[in-house]
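Structure, as structure tokens:
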Amino acid sequence: MKRVLMISNNRTREIGGGPEKEANKELLRERGWEVEIGYVSEPSISGILKEIPKLARRARSNDIDLMVTHCSPPELHALGYILKKITGEPWLAEFRDPLATNVHVDTGSSSHFQRRILEKCVVSSANQVAWWNGIQMNDNYFYESYPNMPESKFYKIPYLGFGGVEVEKFNSGSPKQYDKFTITYAGSFYEGWIEPYEFLEGLSEYVDRHGGGDIQVQFYGDWKEDYQQKVRKENLEDIVTTYDPVPHDEIIRILKGSDLLLYVGGNDQRNKHNISLKMADYVAAESPILGVIDRSFRAGRFIEKENIGIAAHPREADSIADAIREVSTCTFEYDADGRLKDRFDSQEAMAEYAAILNAVSTGERHVPKKSI
Numbered sequence: 094m095k096r097v098l099m100i101s102n103n104r105t106r107e108i109g110g111g112p113e114k115e116a117n118k119e120l121l122r123e124r125g126w127e128v129e130i131g132y133v134s135e136p137s138i139s140g141i142l143k144e145i146p147k148l149a150r151r152a153r154s155n156d157i158d159l160m161v162t163h164c165s166p167p168e169l170h171a172l173g174y175i176l177k178k179i180t181g182e183p184w185l186a187e188f189r190d191p192l193a194t195n196v197h198v199d200t201g202s203s204s205h206f207q208r209r210i211l212e213k214c215v216v217s218s219a220n221q222v223a224w225w226n227g228i229q230m231n232d233n234y235f236y237e238s239y240p241n242m243p244e245s246k247f248y249k250i251p252y253l254g255f256g257g258v259e260v261e262k263f264n265s266g267s268p269k270q271y272d273k274f275t276i277t278y279a280g281s282f283y284e285g286w287i288e289p290y291e292f293l294e295g296l297s298e299y300v301d302r303h304g305g306g307d308i309q310v311q312f313y314g315d316w317k318e319d320y321q322q323k324v325r326k327e328n329l330e331d332i333v334t335t336y337d338p339v340p341h342d343e344i345i346r347i348l349k350g351s352d353l354l355l356y357v358g359g360n361d362q363r364n365k366h367n368i369s370l371k372m373a374d375y376v377a378a379e380s381p382i383l384g385v386i387d388r389s390f391r392a393g394r395f396i397e398k399e400n401i402g403i404a405a406h407p408r409e410a411d412s413i414a415d416a417i418r419e420v421s422t423c424t425f426e427y428d429a430d431g432r433l434k435d436r437f438d439s440q441e442a443m444a445e446y447a448a449i450l451n452a453v454s455t456g457e458r459h460v461p462k463k464s465i
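Each residue of the sequence shown is one higher than the one before, counting from 94 in our numbering.
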């Protein structure tokens with residue numbers, strides 16, 4: 094059994110993906126890799142400096158085959174760079190968010206400048222740089238930004254959702270039964286960026302045209318009073334219901350039983366490259382998706398190309414209403430490729446991740462073997 098020292102600010106994670114997730118740790122164990130978390134309690138410059146002696150000793154141990162760091166937060170990659178310089182041990186730098194081109198960092202700011210320097214250090218020193226498909230970054234970014242580096246230095250992990258979802262749980266779960274046409278949103282909103290206002294306007298347009306007696310909309314997750322005010326303004330109190338987050342096994346039943354799943358991607362250019370982990374759950378549930386998103390954005394193109402739903406521009410309430418009608422009248426036919434779920438499957442993703450660990454731990458680089 095090989096052992097990877099995964100330097101992270103999470104001892105484990107149950108929400109979302111990532112190799113730190115207990116189910117994913119077990120999948121890696123089945124593939125010959127034991128994940129040991131090198132825990133960083135305070136991912137700041139002062140915090141990582143305190144961890145260097147302990148983690149350097151551990152990285153040098155005979156039973157550690159390689160180190161892995163991820164971002165965000167970027168300080169973990171800074172720690173990986175320092176440990177690589179001290180120990181010389183194999184290092185995989187994993188990106189779950191962009192570093193120098195992070196959409197939340199203003200171009201030209203001191204933070205942006207520091208991130209650019211750090212990224213260059215990471216790229217020059219890591220044995221391999223890998224990133225997950227669907228993060229907010231152009232697929233060609235590393236190749237174009239570092240043309241003097243060999244292409245084999247960089248590898249896009251072809252699976253979406255940085256670790257994926259347990260597709261088998263979706264396959265075996267029973268759908269929740271509803272009496273009305275049911276639209277469901279499961280997850281968080283982000284102020285000023287990803288919010289439900291435009292969807293609610295489109296829903297109101299639908300109700301004005303067709304009535305609301307046979308439709309219900311449910312939101313699972315965080316919900317602000319401002320959103321509820323919008324519900325009241327659009328006279329949707331009898332249609333829209335909000336719930337606190339529920340265990341994932343329960344949300345599986347809810348998503349599978351819903352007639353339409355709401356994906357809000359907006360039209361903010363910062364979100365144009367992103368396909369969120371929510372999409373993994375939605376695809377695994379095999380229910381049609383309404384993407385309230387600019388159709389030119391990556392998630393919008395994905396929804397329509399794969400024929401798993403309809404993308405409607407957030408500023409076009411008529412289009413949102415039309416999309417709801419198209420699904421509610423069975424005019425739209427969900428026709429996803431049977432292997433689409435594999436692109437989000439944690440079993441497949443962890444098999445690929447183990448192959449990357451195998452290569453990097455032996456001084457090699459992982460290269461694509463198949464197209465997904």
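Idealized CB from N, CA, C, for every residue including glycine.
Q) What residue does the beta strand (DSSP E) around N226 start on, and which one ends it? A) Within the sequence shown, residue 226 is the residue found at index 133, counting from 1. Element bounds for N226: Q221 to N226.
Q. If we count Cβ pairs, one from each stretch, closer than 8 Å, do we get three or more for the stretch 364-379 versus the stretch 252-268?
A. yes
Q. Which whole-angstrom value is the C-beta distance of A186 and A219, which I expect to be below 8 Å?
A. Within the sequence shown, numbered from 1, the residue matching residue 186 stands at position 93. Within the sequence shown, numbered from 1, the residue matching residue 219 stands at position 126. With 8 Å as the limit, A186 and A219 qualify as a contact, their Cβ atoms being about 4 Å apart.
Q: Measure the Cβ-Cβ separation of L348 and P381 and say whether it is below 8 Å.
A: Taking the first residue of the sequence shown as 1, we reach residue 348 at position 255. Taking the first residue of the sequence shown as 1, we reach residue 381 at position 288. No, they are not a contact pair.
(Q) I need the DSSP call for M443, collapsed to helix, strand or coil. (A) Your numbering for residue 443 matches position 350 in the sequence shown. It is helical.
Q.
Is it the case that the stretch 276-288 contacts the stretch 248-262, given that we only count it when at least three CB pairs across the two stretches are under 8 Å?
A. no
Q.
Please tell me whether P146 and P166 are closer than 8 Å, where the distance is taken between their beta carbons.
A. Translated into positions along the sequence shown, residue 146 becomes position 53. Translated into positions along the sequence shown, residue 166 becomes position 73. No, the pair does not count as a contact, with Cβ atoms beyond the cut-off.
Q) Can you name, in chain order, every residue of its own chain whose Cβ lies under 8 Å from the Cβ of S267, other than the five neighbours on each side? A) To locate residue 267, count along the sequence shown from 1; it is residue 174. The residues are R346 and K349.
Q: Please go through the same chain and pick out, in chain order, the residues whose beta-carbon is closer than 6 Å to the beta-carbon of S421, but skip the five residues on each side of it.
A: Taking the first residue of the sequence shown as 1, we reach residue 421 at position 328. Excluding its 5 nearest sequence neighbours in each direction, S421 has C-beta neighbours in its own chain below 6 Å: F274, listed in chain order.
Q. So what's R106 in DSSP terms, helix, strand or just coil?
A. Translated into positions along the sequence shown, residue 106 becomes position 13. Note: R106 maps to coil in three-state DSSP.
Q: Would you give the residue range spanned by the beta strand (DSSP E) that P146 belongs to?
A: Position 53 of the sequence shown, counting from 1, holds the residue named residue 146. Where P146 is concerned, there is no enclosing beta strand (DSSP E), although the alpha helix (DSSP H) it sits in stretches over I138 to R153.
Q.
Whole angstroms are fine: how far does the CA of E327 sit from the CA of S464?
A. Here residue 464 refers to the residue found at position 371 when the sequence shown is read from its first residue. Here residue 327 refers to the residue found at position 234 when the sequence shown is read from its first residue. At S464 the pLDDT is 45, less than 50, meaning the model places this residue with poor confidence and gives no usable figure here.
Q. Residues bridged to L120 by DSSP?
A. The residue you call residue 120 lines up with position 27 of the sequence shown. Looking at the DSSP assignment, L120 forms no beta bridge with any residue, so it has no partner.
Q) Can you tell me where the alpha helix (DSSP H) with E294 in it begins and where it stops? A) If you number the sequence shown from 1, residue 294 lands on position 201. It spans Y290 to H303 - the alpha helix (DSSP H) in which E294 sits, taken as one unbroken run.
(Q) Could you check whether E129 and M94 sit closer than 8 Å to each other, using their CB atoms as the reference points? (A) The residue labelled residue 94 in the question sits at position 1 within the sequence shown. The residue labelled residue 129 in the question sits at position 36 within the sequence shown. Cβ atoms of M94 and E129: not closer than 8 Å.
**Q.** Residues near D199 by beta carbon distance below 7 Å, same chain, minus five either side
**A.** Counting from one through the sequence shown, the residue named residue 199 turns up at place 106. Same-chain partners within the cutoff: H205.
Q. Count the other CB atoms within 10 Å of the CB of Q221; is the residue buried (16 or more) or exposed (fewer)?
A. In the sequence shown, residue 221 corresponds to position 128, counting from 1. Buried, by the Cβ-count rule.
Q: Compute the distance between the beta-carbons of N360 and D387, then report whether it is under 8 Å.
A: Here the question's residue 360 lines up with position 267 in the sequence shown. Here the question's residue 387 lines up with position 294 in the sequence shown. In this structure, D387 lies closer than 8 Å to N360 by Cβ.
Q) Using a beta-carbon distance below 8 Å, is Y252 in contact with chain D? A) No chain D is present in this structure, which holds just one protein chain.
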